[in-house]
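One line per chain: the protein sequences are A and B, in this order.
Positions 1 to 293 (my numbering) are the ones given, in order, by the first sequence.
Positions 1001 to 1276 (my numbering) are the ones given, in order, by the second sequence.
Glycine included, every Cβ here is placed at the ideal spot set by N, Cα and C.
As the structure is a prediction and not an experimental result, all values here were calculated from the model.
Down below is the structure, laid out as structure tokens.
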Amino acid sequence: MGPLANRTWVHAWLFLSPAVILLIAFTHYPAAVTFFHSFFSTPRGKRPAKFVGLENYETLLADTTFWKVLGNNLWYALGTIPASVAIAILMALWVDSKLKGRSFVRMAYFTPTVLPLIAVANIWMFFYTPGFGLIDQITGFFGFSQHNWLGDPATALNAVIVVAVWKEAGFFMIFYLAALQTIPLSLREAAAIEGAGRWYFFRRVTFPLLMPTTLFVSVNAVINSFRLVDHIFVMTEGGPDNASSLLLFYIYETSFRFWDTAYASTLTVALLLLLFAVAIGQFLLLDKRVHYR
Amino acid sequence: MSAFRLSGFDYDRALNTAGAWALALLWFAPLIYAFWTAFHPGEYSTRFELTAPLTLENFVAAWNAAPFARYFLNTVLLVTSILIGQFVLCTLAAFAFARFEFRGRDTVFVLVLLQLLVMPDILIVENYRTMRVLGLLDTILAIGLPYMASAFGIFLLRQTFKTIPKELDDAARVEGAGFLTILLKVYVPLAKPTYLAYGLVSVSHHWNNFLWPLIVTNSVETRPVTVGLSVFSSTDQGIDWAIITAATLMTSGPLLIAFLLFQRQFVQSFMRAGIK
Chain A
1 MGPLANRTWV
11 HAWLFLSPAV
21 ILLIAFTHYP
31 AAVTFFHSFF
41 STPRGKRPAK
51 FVGLENYETL
61 LADTTFWKVL
71 GNNLWYALGT
81 IPASVAIAIL
91 MALWVDSKLK
101 GRSFVRMAYF
111 TPTVLPLIAV
121 ANIWMFFYTP
131 GFGLIDQITG
141 FFGFSQHNWL
151 GDPATALNAV
161 IVVAVWKEAG
171 FFMIFYLAAL
181 QTIPLSLREA
191 AAIEGAGRWY
201 FFRRVTFPLL
211 MPTTLFVSVN
221 AVINSFRLVD
231 HIFVMTEGGP
241 DNASSLLLFY
251 IYETSFRFWD
261 TAYASTLTVA
271 LLLLLFAVAI
281 GQFLLLDKRV
291 HYR
Chain B
1001 MSAFRLSGFD
1011 YDRALNTAGA
1021 WALALLWFAP
1031 LIYAFWTAFH
1041 PGEYSTRFEL
1051 TAPLTLENFV
1061 AAWNAAPFAR
1071 YFLNTVLLVT
1081 SILIGQFVLC
1091 TLAAFAFARF
1101 EFRGRDTVFV
1111 LVLLQLLVMP
1121 DILIVENYRT
1131 MRVLGLLDTI
1141 LAIGLPYMAS
1151 AFGIFLLRQT
1161 FKTIPKELDD
1171 AARVEGAGFL
1181 TILLKVYVPL
1191 AKPTYLAYGL
1201 VSVSHHWNNF
1211 LWPLIVTNSV
1221 ETRPVTVGLS
1231 VFSSTDQGID
1241 WAIITAATLM
1251 TSGPLLIAFL
1261 LFQRQFVQSF
1271 MRAGIK
């Protein structure tokens, strides 16, 4: 360790510090402070925040809206992730094969990705409008009665899930497309000589080779299912009766509509714990299957 | 399969083509519908007649009903300032991670990568408080600041920088060049494709972002188009669907046109950005 090594150390930190300072300021510090504030009450008017211990967490456990929203979010994740991943694989296989009008098809799949969710939610909103919306017009044509898809607690969340799948599948397709192109052609030729069918080839060769991509995509999908709430703002506002509310939307409402920031911090801690648990669980679960090489 | 082919027609392929096209049309339907509604008078929003007259009036009405020009300006300012901030900060940090050896490098790198899981979008309560303390509420800077030190960008550029042979900067150092010169003259030019890919991903992501800008802004002078559109379509008394879809298309228009023009590069850049 000479003077040169010392200088490298100083240089490294000079290069790093601008990014690290911002990263701490807007990710690590707020995460830590969120945890801290979850043990305090919300300051109101002249009354400052005071330490309340686990009171916010007791409120959380007894909060029926929280449990409802948490259940919604799990159902939302369960509804969006497998569907969008499966459709993404199908899209990638199609777009990777020789297909008439392939570039149009690829563009159609990918377009929802580049559009603002808040904007396309407007269009979907119109699809779902009872009576004269497109879906009711089509079902009406076949003699079904009208239905208020977004206004009925039984269908509101599922209607929102459809939009999320539509938005995300094309994005995930891109990663599968990249992965498919790394699969050597010789494998396909060998399988053809052996007389393996297409489905067999997919199940035994292509799909296992896509596992690392599936891990990457599904981690992304999980994060997105807890992070993307834009369409809720336009389509349902979490209603009716919280039927389509998601965790982050509930956090938003709690802090910026009811200004209960302490409780919002507690909710955020719950969301962060959930994200960590899912990410770690997913990694451990899928990690074993990914290291096949 | 070969039996089918002998008969001169490949059923398997035809079926796949049909399936792929059906899904493509289904995926495109919302956009087709939006175009139909926006370019026809209001009464044709639900009546599909091929002879319906075309009109641009919905766009004119939407443009006049809200300060969209200002919203667009705000979004452009926002997106460019985020992009410049990200390029500068991520380049510096990525270079340090790729080329310097120092104590605690791996720990700091893990702390950076944690941001991939805990995005600023989730920490809205505390980030709002920070912006209030800094006196930045309702500014364009406040929308962009939390995203400038992007873990994704640092990671992506670090991977690219690592593939650049060390001999190149040794040679430059013999010539007496400092670290910053080497970075600017050797590393940045060689990483151009990564910058392009990352730039496209960043621009489209922040053009579309909604929740955080909604929280931080509350005036016309700072609102980006996404927030402007939501304000516009929630005041729905007297504004009909045709005008809302016109506004919707306008909001996504620039990005949509860019996408149609550079479709191949767009898709490839997302691909490149994703696999590493």
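Requested in this report: Tell me, please, whether the CB atom of residue 175 of chain A is closer than 9 angstroms to any CB atom in chain B?
Outcome: In the first sequence, counting from the first residue as 1, residue 175 of chain A sits at position 175. With 9 angstroms as the cut-off, residue 175 of chain A counts as an interface residue toward chain B.
Query raised in the report: Hey, is residue 1019 of chain B's beta-carbon within less than 9 angstroms of any beta-carbon in chain A?
Result: One-based indexing of the second sequence puts residue 1019 of chain B at position 19. For residue 1019 of chain B, a Cβ of chain A is located within less than 9 angstroms of the residue's own Cβ.
Query - Best match in A/107, A/277 and A/144 for proximity to residue 222 of chain A [C-alpha to C-alpha] - result: Numbered from its first residue, the first sequence carries residue 222 of chain A at position 222. Looking at the Cα atoms, A/277 is the closest of the given residues.
Requested in this report: Return no unless some Cβ of chain B is closer than 9 angstroms to the Cβ of residue 292 of chain A.
Outcome: Position 292 of the first sequence, counted from the start, is the residue given in the question as residue 292 of chain A. Here residue 292 of chain A scores only 44 on pLDDT, less than 50, and its place in the model is too uncertain to base an answer on.
Requested in this report: For chain A, find out if any of its Cβ atoms is closer than 9 angstroms to the Cβ of residue 1004 of chain B; answer yes or no.
Outcome: Working through the second sequence from its first residue, we reach residue 1004 of chain B at position 4. Its pLDDT being 45, under 50, residue 1004 of chain B is placed unreliably by the model, and the measurement read from it follows with that caveat. Answer no: the Cβ-Cβ gap between residue 1004 of chain B and chain A never drops below 9 angstroms.
Query raised in the report: Can a CB atom of chain B be found closer than 9 angstroms to the CB of residue 147 of chain A?
Result: The residue labelled residue 147 of chain A in the question sits at position 147 within the first sequence. No - not a single Cβ of chain B is within 9 angstroms of the one on residue 147 of chain A.
Report task. Note down, one range per segment and in chain order, each beta strand (DSSP E) of at least 3 residues found wholly within the region 1221–1262 of chain B. Result -> Counting only runs that start and end inside the region 1221–1262 of chain B, there is no beta strand (DSSP E) element of at least 3 residues.
Query raised in the report: What does residue 33 of chain A touch in chain B if you count any residue whose Cβ is under 7 angstroms from its own?
Result: In the first sequence, the residue the question calls residue 33 of chain A occupies position 33. Simply 1126.
Report task. Would you tell me roughly how many angstroms separate the C-alpha atoms of residue 1053 of chain B and residue 1037 of chain B, rounded to the nearest one? Result -> For the purposes of this step, residue 1053 of chain B is identified with residue 53 of the second sequence, where counting begins at 1. For the purposes of this step, residue 1037 of chain B is identified with residue 37 of the second sequence, where counting begins at 1. Their Cα atoms are separated by approximately 11 angstroms.
Query raised in the report: What's the C-alpha gap between residue 22 of chain A and residue 249 of chain A?
Result: Here residue 22 of chain A refers to the residue found at position 22 of the first sequence. Here residue 249 of chain A refers to the residue found at position 249 of the first sequence. Cα to Cα, residue 22 of chain A sits roughly 25 angstroms from residue 249 of chain A.
Query - When A/153, A/151 and A/136 are compared against residue 145 of chain A, the one with the closest alpha-carbon - result: By 1-based counting over the first sequence, the position of residue 145 of chain A is 145. Closest option to residue 145 of chain A, Cα to Cα, is A/136.
Query - Per-residue DSSP class, three states only, for residue 171 of chain A - result: Here residue 171 of chain A is taken as the residue at index 171 of the first sequence, counted from 1. DSSP places residue 171 of chain A within a helical segment (H, G or I) once states are collapsed to three.
Query raised in the report: What first and last residue would you give for the alpha helix (DSSP H) that runs through residue 227 of chain A?
Result: Taking the first residue of the first sequence as position 1, residue 227 of chain A is located at position 227. Unbroken alpha helix (DSSP H) run through residue 227 of chain A: 211–227.
Query raised in the report: Is it true that the CB of residue 1149 of chain B sits closer than 9 angstroms to the CB of residue 1089 of chain B?
Result: Taking the first residue of the second sequence as position 1, residue 1089 of chain B is located at position 89. Taking the first residue of the second sequence as position 1, residue 1149 of chain B is located at position 149. Against a cut-off of 9 angstroms, the Cβ pair of residue 1149 of chain B and residue 1089 of chain B comes out as a contact.
**Report entry** Inter-stretch contact (C-beta, 8 angstroms, three-pair minimum) for the region 243–261 of chain A and the region 1095–1105 of chain B
**Finding:** Verdict: no, contact absent.
Query raised in the report: Taking 8 angstroms as the cut-off, is the CB of residue 1248 of chain B close to at least one heavy atom of the ligand ADP?
Result: Because no ligand of any kind appears in the structure shown, any question about the ligand ADP cannot be addressed here.
Requested in this report: With 9 angstroms as the C-beta to C-beta threshold (strictly closer), list the residues of the region 1196–1217 of chain B near chain A in chain order.
Outcome: Hits within the stretch, in order: 1204, 1207, 1208, 1209, 1210, 1211, 1214 and 1215.
Query - 6 angstroms CB neighbourhood of residue 1256 of chain B in its chain, flanking five on each side removed - result: In the second sequence, residue 1256 of chain B corresponds to position 256, counting from 1. Nothing meets the Cβ criterion.
Query raised in the report: Quick one: is residue 113 of chain A near chain B, going by C-beta distance under 9 angstroms?
Result: On the first sequence, position 113 is the one that residue 113 of chain A refers to. Yes, residue 113 of chain A counts as interfacial toward chain B.
Query raised in the report: Any beta-carbon of chain B closer than 9 angstroms to the one on residue 109 of chain A?
Result: Residue mapping note: residue 109 of chain A aligns to position 109 of the first sequence, counting from 1. Judged by the 9 angstroms Cβ criterion, residue 109 of chain A is in contact with chain B.
Query raised in the report: So, is the C-beta of residue 1058 of chain B closer than 9 angstroms to a C-beta in chain A?
Result: Counted from its first residue, the second sequence places residue 1058 of chain B at position 58. By this cut-off, residue 1058 of chain B is not an interface position.
Query raised in the report: Between the Cα of residue 1066 of chain B and the Cα atoms of B/1232, B/1271, B/1249 and B/1087, which residue gives the shortest distance?
Result: Translated into positions along the second sequence, residue 1066 of chain B becomes position 66. Each of B/1232, B/1271, B/1249 and B/1087 was checked against the Cα of residue 1066 of chain B, and the nearest Cα belongs to B/1232.
Query raised in the report: residue 1241 of chain B to residue 1039 of chain B, Cα distance in whole Å?
Result: Position 241 of the second sequence, counted from the start, is the residue given in the question as residue 1241 of chain B. Position 39 of the second sequence, counted from the start, is the residue given in the question as residue 1039 of chain B. Rounded to the nearest angstrom, the gap between the Cα atoms of residue 1241 of chain B and residue 1039 of chain B is 12 angstroms.
Query raised in the report: What residues of chain A sit near residue 1256 of chain B, judged by a beta carbon separation below 8 angstroms?
Result: In the second sequence, the residue the question calls residue 1256 of chain B occupies position 256. Residues of chain A passing the Cβ test: 111, 114 and 115.
Query raised in the report: Any contact of the region 1217–1233 of chain B with the region 1163–1180 of chain B, i.e. 3+ C-beta pairs under 8 angstroms?
Result: Contact fails: fewer than three Cβ-Cβ distances are below 8 angstroms.
Query raised in the report: Looking at residue 1195 of chain B and residue 1188 of chain B, is the spacing between their C-beta atoms short of 9 angstroms?
Result: As a first step, residue 1188 of chain B is located in the second sequence; it is residue number 188 there, counting from the start. As a first step, residue 1195 of chain B is located in the second sequence; it is residue number 195 there, counting from the start. Contact: yes.
Query raised in the report: So, helix, strand or coil for residue 142 of chain A, using DSSP?
Result: On the first sequence, residue 142 of chain A is found 142 positions in, with the first residue counted as 1. Three-state result, residue 142 of chain A: coil.
**Report entry** Cβ-based burial, residue 160 of chain A [other Cβ within 10 Å; buried from 16]
**Finding:** Numbered from 1 along the first sequence, position 160 holds the residue referred to as residue 160 of chain A. Around the CB of residue 160 of chain A, 16 or more other CB atoms lie within 10 Å, so the residue is classed as buried.
Requested in this report: Find the residues of chain A that neighbour residue 1016 of chain B, judging by a C-beta separation of less than 9 angstroms, and give them in chain order.
Outcome: Stepping through the second sequence from its first residue, residue 1016 of chain B is reached at position 16. In chain order: 93, 94, 97 and 99.
Query raised in the report: Under three-state DSSP, which class holds residue 1004 of chain B?
Result: Counting from 1 along the second sequence, the entry for residue 1004 of chain B is found at position 4. Confidence in residue 1004 of chain B is poor, its pLDDT being 45 and thus under 50, which makes the residue's placement unreliable; the coordinate value appears in the next sentence. DSSP places residue 1004 of chain B in helix when its eight states are reduced to three.
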